[in-house]
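Below you'll find the structure, written out as structure tokens, and then a few comments.
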Amino acid sequence: MIRNMKVLVIGAGNAGRPAARLLNHLNNRVLVNDVRELHELPLKAQKRIAEMEDEGVMFRFGGHSMEDILWADAVFISPNIPQDAPVRKMVREAGDLVHITTSDIGRTLNELIGLPMVGVAGTDGKTTTTNMIDHILSSRYRTVSFSSLQDSLVIEGLVELVVNGDIDDRDLAVFELPHGTIRMAEGLELSAGVVTNLTPDHMDEFSNYDEYIERNFSIKDLMAPGGVLALCGDDPVISSLLDDLEVQRVVYGVGERRTVEFMGRRFTGSASIHVRASDIELRGLAGSTFTLNVSEIKTAICSTCGALNCREHDGAVSVGPLRERINLRVPGIFNIENALAAITVA
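Okay, so the sequence shown: first residue is 1458 according to our numbering, each after it adds one.
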């Protein structure tokens, strides 16, 4: 772990702040630089910065200086800082600095937290699915959840757990992984993950559709050994990626054939489904009823020792087949898919 160093964090945004707070918690002297003035940052960020200053984190706004770079033993550069930004050139010219990456931050969090974690990625339905999963699991476990509904950023929330010493009061964490946040999650290990769909959105932030797909689907790289990735088989983009997927997965859906077209690209088709809704009755704002059909699927639980994400044994506990009538009190076919994702994870 990174301890007892002078660390310069470049960027006071959603990546830099939690990195700085975690590094400060690990007994490093931390200075955060940002080219913006403090008043240019969102009010929520300004409030967080004031709290961090009380904890001992130093901040300097309005530009970057070589003096600050030379002061440091190590540097963390926020991933949203452009590769051609002058400050990156200044860091290169400074010479022998330890470079702390987003992976370093994620691995450190993973080690300090030690909780089973569930992450939800995709274009639409992340917040709903995250909160459905939390609703189901919280009936049995002490959960902590981070999503847009709670107005909380996952990495900032996980760092908060560590800094405040609240980990012992929780059994597992469930969180949303938007395309901007998922870069900072590198290094975490998820017991379970979800990809809801991969229709084009926020394309002004990406050079092409493939880059958008790759970013959101990178959740596959966060799966712990034996972890299970739940994927919507109704989404033709997701279906096109399944053949090359090496992690354990469970495919859910309603069996509805769809097409996605964007910038000359056309995706069609669907996948074989393990968790399916059939005999669907949509009842407007009253929700829907459907029959849940689950084939035999492997879980993330070791069949030898009963541990979650076991690293020592092969083989996993299986569940199913089962069939049950479900009454869902939220409207729309897409909420049936969100519910299937939540049921699959739980």
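Note that CB positions come from ideal geometry on N, CA and C, so glycine has one too.
From a predicted model like this one, the values you see are computed outputs, not experimental measurements.
Would you mind reading off the limits of the beta strand (DSSP E) that contains residue 1560?
-> The residue you call residue 1560 lines up with position 103 of the sequence shown. Looking at the DSSP string, residue 1560 is not in any beta strand (DSSP E); the run it does join, the alpha helix (DSSP H), is 1559-1570.
Cβ-based burial, residue 1709 [other Cβ within 10 Å; buried from 16] | In the sequence shown, residue 1709 corresponds to position 252, counting from 1. With 16 or more Cβ atoms within 10 Å of its Cβ, residue 1709 is classed as buried.
Grouping DSSP H, G and I as helix and E and B as strand, with all else coil, what is residue 1430?
-> Outside the displayed range of the chain (1458 to 1803) lies residue 1430, so it cannot be described from this structure.
Enumerate in chain order the residues of its own chain whose CB-to-CB distance from residue 1630 is below 6 Å, with the five nearest sequence positions on each side excluded.
-> Here residue 1630 refers to the residue found at position 173 when the sequence shown is read from its first residue. So the qualifying residues of the chain are 1572, 1574, 1601.
To which residues does DSSP link residue 1689 through a beta bridge?
-> Counting from 1 along the sequence shown, the entry for residue 1689 is found at position 232. Answer is 1709.
For residue 1649, the nearest candidate out of 1765, 1474, 1468, 1526 (CA to CA) = Counted from its first residue, the sequence shown places residue 1649 at position 192. Ranking the options by Cα distance to residue 1649, first place goes to 1765.
If you draw a straight line from the C-alpha of residue 1538 to the C-alpha of residue 1567, how long is it?
-> Within the sequence shown, residue 1538 is the residue found at index 81, counting from 1. Within the sequence shown, residue 1567 is the residue found at index 110, counting from 1. So the alpha carbons of these two residues sit roughly 24 Å apart.
Mind checking who residue 1467 pairs with in its DSSP beta bridge?
-> Here residue 1467 is taken as the residue at index 10 of the sequence shown, counted from 1. BP columns for residue 1467 point to 1490, 1534.
Between residue 1787 and the rest of its own chain, which residues show a CB-CB distance below 6 Å, the 5 nearest in sequence each way excluded?
-> Here residue 1787 refers to the residue found at position 330 when the sequence shown is read from its first residue. So the qualifying residues of the chain are 1744.
Tell me residue 1759's beta-bridge partners as DSSP assigns them.
-> Taking the sequence shown and counting its residues from 1, one reaches residue 1759 at position 302. In the DSSP assignment, residue 1759 forms a beta bridge with 1773.
Would you please state the rounded distance, in angstroms, between the beta carbons of residue 1692 and residue 1654? I believe it to be under 8 Å.
-> Reading the sequence shown from its first residue, position 235 is the one you call residue 1692. Reading the sequence shown from its first residue, position 197 is the one you call residue 1654. Right, their Cβ atoms sit about 4 Å apart.
For the stretch 1692-1705 and the stretch 1587-1599, state whether three or more C-beta atom pairs, one from each stretch, are separated by less than 8 Å.
-> no
Distance, residue 1519 Cα to residue 1494 Cα | Working through the sequence shown from its first residue, we reach residue 1494 at position 37. Working through the sequence shown from its first residue, we reach residue 1519 at position 62. Taking the straight line joining both Cα atoms gives about 5 Å.
With DSSP collapsed to three states, give me the class of residue 1784.
-> By one-based count along the sequence shown, residue 1784 stands at place 327. It is a strand residue.
In the DSSP assignment, what residue or residues form a beta bridge with residue 1825?
-> Past the edges of the chain, shown from 1458 to 1803, lies residue 1825, and the structure says nothing about it.
Nearest-angstrom Cα separation, counted from residue 1777 out to residue 1604 | Counting from 1 along the sequence shown, the entry for residue 1604 is found at position 147. Counting from 1 along the sequence shown, the entry for residue 1777 is found at position 320. Each residue's alpha carbon lies about 30 Å from the other.
Check whether residue 1611 and residue 1482 have beta carbons under 8 Å apart = Translated into the one-based positions of the sequence shown, residue 1611 becomes position 154. Translated into the one-based positions of the sequence shown, residue 1482 becomes position 25. Not a contact, by the Cβ cut-off of 8 Å.
Assigned secondary structure, residue 1629 (DSSP; H/G/I helix, E/B strand, else coil) = On the sequence shown, position 172 is the one that residue 1629 refers to. If DSSP states are grouped into helix, strand and coil, residue 1629 belongs with the strands.
Please classify residue 1560: is it buried, with 16 or more other beta-carbons within 10 angstroms of its beta-carbon, or exposed?
-> For the purposes of this step, residue 1560 is identified with residue 103 of the sequence shown, where counting begins at 1. So residue 1560 counts as exposed.
Nearest candidate by alpha-carbon position, reference residue 1670, set 1689, 1695, 1646 = As a first step, residue 1670 is located in the sequence shown; it is residue number 213 there, counting from the start. Comparing Cα-Cα distances from residue 1670 to each of 1689, 1695, 1646, the minimum goes to 1695.
Taking residue 1514 as part of the beta strand (DSSP E), name the residues at either end of that continuous run.
-> Working through the sequence shown from its first residue, we reach residue 1514 at position 57. Counting along the chain, residue 1514 falls outside any beta strand (DSSP E), and DSSP gives it neither H nor E.
Throw me the rounded Cβ distance for the residue 1783 and residue 1747 pair, which I believe falls under 8 Å.
-> To locate residue 1783, count along the sequence shown from 1; it is residue 326. To locate residue 1747, count along the sequence shown from 1; it is residue 290. About 6 Å; that satisfies the 8 Å criterion.
Please look up how many angstroms separate the CB atoms of residue 1526 and residue 1548, rounded, as I've assumed it's under 8 Å.
-> As a working note, residue 1526 is residue 69 in the sequence shown. As a working note, residue 1548 is residue 91 in the sequence shown. The pair is a contact, with the Cβ atoms about 6 Å apart (cut-off 8 Å).
Leaving out five residues before and five after residue 1802 in sequence, what residues of the same chain have Cβ atoms less than 7 Å from its Cβ?
-> Here residue 1802 is taken as the residue at index 345 of the sequence shown, counted from 1. Here the set comprises 1575, 1590, 1649, 1651, 1687.
Simplified DSSP assignment, three categories, for residue 1603 = Counting from 1 along the sequence shown, the entry for residue 1603 is found at position 146. The answer is strand: DSSP assigns residue 1603 an E or B state.
What are the boundary residues of the beta strand (DSSP E) that includes residue 1718?
-> Start at 1 with the first residue of the sequence shown, and residue 1718 comes out as number 261. For residue 1718, the enclosing beta strand (DSSP E) has its first and last residue at 1717-1719.
Paired residues, beta bridge with residue 1740 - DSSP = Translated into the one-based positions of the sequence shown, residue 1740 becomes position 283. Note: residue 1740 sits in no beta bridge, so no partner.
Specify the secondary structure class of residue 1459 as computed by DSSP and reduced to three states.
-> For the purposes of this step, residue 1459 is taken as the residue at position 2 of the sequence shown. Residue 1459: coil per DSSP, three-state reduction.
Cα-Cα separation, residue 1753 to residue 1780 | By one-based count along the sequence shown, residue 1753 stands at place 296. By one-based count along the sequence shown, residue 1780 stands at place 323. So the two alpha carbons sit approximately 11 Å from each other.
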